[in-house]
Amino acid sequence: MKKVVFLFVFTLFLSGFLKSQTYSDFTLQDLEGNDVTLSKLLEKGPVLMSFWATWCSPCKEEMKKVNPIYEKYKDSGFTYLAINQDNQKSVSKVKSYIDAQSYKFPVVFDTDKRVFEAYSGKDEMPYALLIGKNKEILSVHTGFKTGDEVKIEEEVKAALGIK
Amino acid sequence: MKKLYILICLLLISSAVWAQKLDVKASLNNVFRYGNGKENNTISEYSKEYLENIGDARLKINDFVFGMRYEISDPIEYGNNFKGIRKRYLEYNNLNENINLRIGDFWDIVSRGLTMNVFEDRGLAYDTGIDGLRVAYKKTFGDKKPVKVKAQILGGDINYTDFLNLQRTETYKVRDGNFEITPLKNLMFGGNYVYAKGSVMGNDLKTITNITSELPEGYMSLNYKDINFFYSYAHKRVSTEANTLYPKSITAFGNGMYSSLSYSKSGLGVTLEYKNYRFDLVSPDQRDRTRPTKMMPFQNPPTGLKEHTSTLISRNPHVVDFNDEVGSQLDIVFAPSDKLTMNLNLGMASRHYEYLNTDTTGWQYKWERVNRYNNFLPSLRDQLSPFWEVYYEVEYYATDKLYGKVAFSKQSENIYNEENPLASEKIFNSTVPVELRYSLTKDYTLKLIFENQWTHNTSHSLTDDDVSQFIALSFSKSPDLTLTLNTEFSTDEDEPSGKKNWVSGDVSYKITPTNILSVSGGTEKGGLKCTNGICRYVYPFNGFRLSLSSKF
């Protein structure tokens, strides 16, 4: 087994391609059953994709604070994509929560957490990644504190090329 | 197996060398955890130290991903010590062909998990992950009125260690086939079939019972305008081979049903959930968690109850018995404005039947089930161990700087003892959690959480009601620093540590957005910790903890 470890670590570090996070395209279903593909959203502009769950209070705060940013810049091509991580316990409440809050940004289900894993998600939520139009990961946010929305807006503006 | 993985790696590298257009990316997710202090169980206080480092690495070459987890847990916080490669997998994911293939370790959930839901929770030392093969395929036929189909097969081994008794193990060879069709945009039908052969260790940690289980499941969802409906039914058949523990082979049948109905529109969301789990209806003397005909560890349906974020409410959760429980939950979210949100949650659950001891000799128990015609509904009869809760919450963004949340929770839990009804326990909890948050500037925020809980426990009848208070004061600087001081007070005389007060502090600092250092110290109160209805008691801890979470 040591050989496997050696081989993998050797491949990992000598590949010379080490990056902090890796872009990976996906198609997930939204609350209405429509397919949402990340690469198609990126054709319009940058995407802030955030992994969240209904039982996560900071995730709800992030949505509340990022929603105005989405409303402000959506016509410039920006998308806020909320990727739901609720498990079988609470997934039934997702649509009613989003509709009750009158949020209009796309919300998709990743119940089996395959996309979360592909983006190196662990236990922390919210976990947000801002992806540029050229599919480059521009920034990563783990957790949410009051005031983080200011930095997020600055990053979105920079991604859109707005000064 | 080792050779196979080496071969796969070499093939990957070879393809990387020869391919014309390569997209090679790598990432590493590492968590380092250390803790040192004292822990209390009901008998004594003892030293507790853990040192864990868990590194999850991924190497992506075009459509291939090779991943592995290298772990050093010596000593581990919960579970058995481990050093080496814990998980490894090779995944092929072709988005154009909609094919996903994975060899190695994986977790999965089918539908709502009535027949297949394997997951890991390190905090509980719980892991039902599968080591095997999974192939998934999906395709959409037609453009104007598309019909979507999704199919998946998986097979592999589960080596499950009982998280409440680490010497006890259960092993399964599992095969699963799943098919879903969406003939109309708003209508989906699905079916799942699980076949497993298992070896279940008994309580004596010696006797192994070999079992065969079959679990077919059918489910459907319908979305029409503002209404969403989901229904799932699963059947379970388990047959055991005779051994010294069970001299006669047993064939047991069970089933489970889960349904949800929700209505939502702008400003209002209503969800009604119903569960009826009868995976192993047995008399009180047979309710043993090591019984081979119980719900399989690779099953994990919805609990059908609210998942609380309050520290005090979540400390005494209802432990769902998936083998014998019927219940319902109503959840209403009302947001009349973007500043105000209200949430009302009503939940109820109980066993299906009452059991009477009909023995007249006084030497033994002879249980007779008392049938009731409305056993598809939960009951408040003490003999059915009822649980109910009412939760109401209001949150309000008063200004850009001030946020407040107030809630009220009332819970009633009855743990009925059929053998000695006088030893039954009734617990009533009333809790008021309050959260206030005030932004001093655009970067600095103060947060206060104050929770008060009143508990009446009939088994503590000689004492007054217990009162518990939890206060947490946090100061945070966006985006990198949080300082928190937690204090807790309780009058509970049955607390294992014998303490009445707990004080702890923690600091969390983001070295970079993906590298977070957390340090905490002080005394922590114990309590039940649950994930997906799986619960274990976490003992009180007095000491110091350090963690560093990094993503590279």
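Protein chains in written order, with my numbering: chain A, 1 to 163; chain B, 1001 to 1552.
Think of the CB as a built atom: it goes at the ideal place given N, C-alpha and C, for glycine as much as any other residue.
- Between the segment 1401–1409 of chain B and the segment 1435–1451 of chain B, the count of C-beta pairs closer than 8 Å reaches three or more; the two stretches touch.
- A check of alpha carbon separations from leucine 1384 of chain B across B:Lys1150, B:Pro1421 and B:Phe1032 identifies B:Pro1421 as the nearest.
- Think of a sphere of 9 Å around the beta carbon of glutamate 32 of chain A: the chain B residues whose beta carbon falls inside it are Lys1185, Asn1186 and Asn1223, in chain order.
- Using a Cβ-Cβ distance cut-off of 8 Å, the segment 1412–1432 of chain B and the segment 1294–1305 of chain B are not in contact, since fewer than three pairs of beta carbons, one from each stretch, lie closer than that value.
- When secondary structure is reduced to three states using DSSP, phenylalanine 1298 of chain B falls in the coil class, being assigned neither helix nor strand.
- Secondary structure at histidine 141 of chain A: strand, using DSSP grouped into helix, strand and coil.
- Of all C-beta pairs linking the segment 78–89 of chain A to the segment 103–113 of chain A, three or more are shorter than 8 Å, placing the two stretches in contact.
- From the listed residues A:Gln101, A:Val91, A:Glu62 and A:Thr111, the smallest Cα separation to serine 1337 of chain B is found for A:Gln101.
- Per DSSP, lysine 95 of chain A is one residue of the alpha helix (DSSP H) stretching across 94–100.
- Taking the Cα of aspartate 1382 of chain B as reference, the smallest distance to any Cα among B:Tyr1365, B:Glu1418, B:Asn1357 and B:Asn1374 is reached at B:Glu1418.
- Against chain B, the CB of valine 140 of chain A has a partner CB under 7 Å away; the residue lies at that interface.
- Excluding its 5 nearest sequence neighbours in each direction, isoleucine 1099 of chain B has C-beta neighbours in its own chain below 8 Å: Tyr1092, Asn1093, Val1135, Ala1136 and Tyr1137, listed in chain order.
- If you draw a 10 Å sphere on the C-beta of isoleucine 1227 of chain B, you find fewer than 16 other C-beta atoms in it, and that means exposed.
- Of the candidates B:Leu1261, B:Ser1027 and B:Val1394, B:Leu1261 places its Cα closest to the Cα of valine 94 of chain A.
- Below the 8 Å Cβ cutoff, chain A contributes Ser120 and Lys122 as neighbours of asparagine 1029 of chain B, in chain order.
- Proximity of leucine 1268 of chain B to chain A, defined by a Cβ-Cβ separation below 7 Å, is satisfied.
- Contacts with chain A at 7 Å (Cβ-Cβ) do not include glutamate 1077 of chain B.
- Secondary structure note for aspartate 1176 of chain B: it is in no alpha helix (DSSP H), and the uninterrupted beta strand (DSSP E) holding it is 1169–1184.
- Sequence-distant Cβ neighbours of glycine 1267 of chain B in its own chain, meaning closer than 8 Å and more than five residues away, are Phe1334, Ala1335 and Pro1336.
- At a C-beta separation below 7 Å, tryptophan 55 of chain A has these neighbours in chain B: Glu1307 and Thr1309.
- Within chain A, Ala100 have C-beta atoms less than 8 Å from the C-beta of phenylalanine 1334 of chain B, given in sequence order.
- Going by DSSP, lysine 157 of chain A is part of no beta strand (DSSP E) but of the alpha helix (DSSP H) stretching over 148–160.
- If you draw a 10 Å sphere on the C-beta of arginine 1545 of chain B, you find 16 or more other C-beta atoms in it, and that means buried.
- Contact note: lysine 72 of chain A does not reach chain B at a C-beta cutoff of 8 Å; the least C-beta distance is about 14 Å.
- Taken in chain order, the members of the segment 93–117 of chain A whose beta-carbon sits within less than 7 Å of a beta-carbon on chain B are Lys93, Lys95, Ser96, Tyr97, Asp99, Ala100, Gln101, Ser102, Thr111 and Asp112.
- In the displayed model, valine 1519 of chain B falls within a strand according to three-state DSSP.
- Relative to glutamate 1180 of chain B, the option among B:Arg1291, B:Thr1140, B:Phe1163 and B:Gly1156 whose CA is nearest is B:Thr1140.
- Burial check for lysine 40 of chain A: the Cβ neighbour count within 10 Å stays below 16, so the residue is exposed.
- DSSP places alanine 1398 of chain B outside both helix and strand once states are collapsed to three, so it counts as coil.
- Interface annotation, isoleucine 1109 of chain B: in contact with chain A, CB-CB separation under 7 Å.
- Contact check for valine 47 of chain A against isoleucine 131 of chain A passes: the beta carbons are separated by less than 7 Å.
- Contact residues of the segment 1273–1289 of chain B toward chain A are Glu1273 (C-beta to C-beta distance below 9 Å).
- With fewer than 16 neighbouring CB atoms inside 10 Å of its own CB, glutamine 1364 of chain B falls in the exposed class.
- When only Cα atoms are considered, isoleucine 1313 of chain B and alanine 1472 of chain B end up about 15 Å apart.
- In the DSSP assignment, methionine 63 of chain A falls outside any beta strand (DSSP E) and lies within the alpha helix (DSSP H) extending over 57–73.
- Non-local C-beta neighbours of glutamate 136 of chain A in its own chain, meaning closer than 8 Å and more than five positions away in sequence, comprise Tyr23, ordered along the chain.
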